[in-house]
Amino acid sequence: MAGFDLLSRYHRCEVRGVENVPDGPALIVANHNGGLNPVDGLFLVEYYRQRGYDKPIFVLAHDILFRIKRVARLLESVGIIRARKGQARSLLEAGHKVLVFPGGDVESMRPFRDRRRIVLAQRQGFARLALRAGVPIVPVVSAGSHETMIVLTRGHRLARLMQTQKWARISSLPIILAAPWGLLFGPTCALPYLPLPSKITFQVGEPLQLHDRTCCEVEAAERAPVVYDKVEQTMQSMLDSLYEERILPIFG
Numbered sequence: 001m002a003g004f005d006l007l008s009r010y011h012r013c014e015v016r017g018v019e020n021v022p023d024g025p026a027l028i029v030a031n032h033n034g035g036l037n038p039v040d041g042l043f044l045v046e047y048y049r050q051r052g053y054d055k056p057i058f059v060l061a062h063d064i065l066f067r068i069k070r071v072a073r074l075l076e077s078v079g080i081i082r083a084r085k086g087q088a089r090s091l092l093e094a095g096h097k098v099l100v101f102p103g104g105d106v107e108s109m110r111p112f113r114d115r116r117r118i119v120l121a122q123r124q125g126f127a128r129l130a131l132r133a134g135v136p137i138v139p140v141v142s143a144g145s146h147e148t149m150i151v152l153t154r155g156h157r158l159a160r161l162m163q164t165q166k167w168a169r170i171s172s173l174p175i176i177l178a179a180p181w182g183l184l185f186g187p188t189c190a191l192p193y194l195p196l197p198s199k200i201t202f203q204v205g206e207p208l209q210l211h212d213r214t215c216c217e218v219e220a221a222e223r224a225p226v227v228y229d230k231v232e233q234t235m236q237s238m239l240d241s242l243y244e245e246r247i248l249p250i251f252g
């Protein structure tokens with residue numbers, strides 16, 4: 001966490017509501033920002049500072065990050081795990097906490113003008129997961145994290161043309177402005193970049209209790225749209241409140 005602490009200081013991170021993370025198992029649902037820069041997980045620095053390391057939070061990440069063995073070992077060593085079918089549910093049923101970013105690259109690569117929007121892209125898998133595991137959902141949002149680079153366009157049309165969803169499970173081939181490269185396009189957006197020193201404020205919301213029992217697959221599928229809408233609306237309201245406090249982009 002020492003390296004992440006330096007990044008947290010660089011972004012002048014402020015984390016509110018850590019006390020809302022329950023002691024028991026929970027599915028933490030967060031908005032996704034900043035491309036490949038791990039700004040979204042910086043609230044974990046404050047979580048571990050306050051709560052210690054006895055109850056870690058496992059982070060689900062896109063499997064494309066695990067295709068290089070050395071990188072995979074590094075990620076797994078800090079609790080970042082490949083998003084595989086059934087793995088998150090196993091962790092929740094074992095009493096752990098799991099952090100997911102349902103919006104994925106669709107939200108992380110949304111244009112700069114949409115930085116104030118929650119974009120979960122109608123991906124309701126997290127809602128079905130929470131219902132089937134019988135755990136609460138803890139919403140987490142961050143303001144300022146999507147100001148660490150400038151996304152000009154998401155590149156959906158090009159991604160469809162190149163069928164990237166089939167071979168890489170990504171829906172975006174964006175055009176972004178990022179230091180020190182300047183203009184990055186498509187696959188070059190995977191290059192590491194120097195994030196702009198944007199002030200980031202995190203808000204951990206109160207747990208959303210879905211049910212007092214686990215649901216079967218059929219019931220979870222039926223209830224998932226309502227849960228999805230509730231979570232997305234809650235997160236949007238939280239993000240709106242944070243952005244009402246911001247005066248200028250990047251400066252906060």
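Residue numbers for the sequence shown follow full-length UniProt numbering, beginning at 1 and rising by one. Heads up, the beta-carbon is just placed ideally off N, CA and C, and yes, glycines get one too. What you are looking at is a predicted structure, and each value in this text was computed from that prediction instead of being measured.
Nearest Cα to Val138 within the set Gly252, Asn37, Asp5, Met238: Met238. The three-state reading of DSSP puts Ala26 in strand, counting E and B together. In the three-state scheme derived from DSSP, where H, G and I count as helix and E and B as strand, Arg132 is classed as helix. With contact defined as three or more Cβ pairs closer than 8 Å, the stretch 169-182 and the stretch 145-158 are in contact.
About 16 Å separates the CB atoms of Val45 and Pro195; that is not less than 8 Å, and the two are not in contact. Our two residues, Gly144 and Leu120, have alpha carbons roughly 18 Å apart in a direct line. A residue is called buried when at least 16 other Cβ atoms come within 10 angstroms of its Cβ; Ala26 meets this threshold and is buried. Residue range 137-143 is occupied by the beta strand (DSSP E) that includes Ser142, with no alpha helix (DSSP H) assigned at that position. Note that the C-beta distance between Ala133 and Leu92 is below 7 Å. When the five nearest sequence neighbours on each side are left out, the beta carbons in the same chain lying within less than 6 Å of the beta carbon of Tyr47 are those of Val18, in order along the chain. Bounds of the alpha helix (DSSP H) holding Gly104 are 104-108.
Around the beta carbon of Cys216, fewer than 16 other beta carbons sit within 10 angstroms, so the residue counts as exposed. Annotation for Arg89: the continuous alpha helix (DSSP H) segment containing it runs 87-93.
Gly34 carries a coil assignment under DSSP once its states are collapsed to helix, strand and coil. In this structure, DSSP gives Glu14 an extended state, which the three-state scheme calls strand.
Remark: C-beta atoms of Asn33 and His146 approach each other more closely than 7 Å. In the DSSP annotation of this structure, Lys230 is not part of any beta strand (DSSP E); the continuous alpha helix (DSSP H) holding it starts and ends at 217-245. Between Gln203 and Ile118, the gap from beta carbon to beta carbon reaches 7 Å or more.
Under DSSP, Lys97 takes part in a beta bridge, and its partners are Ala26, Ile57.
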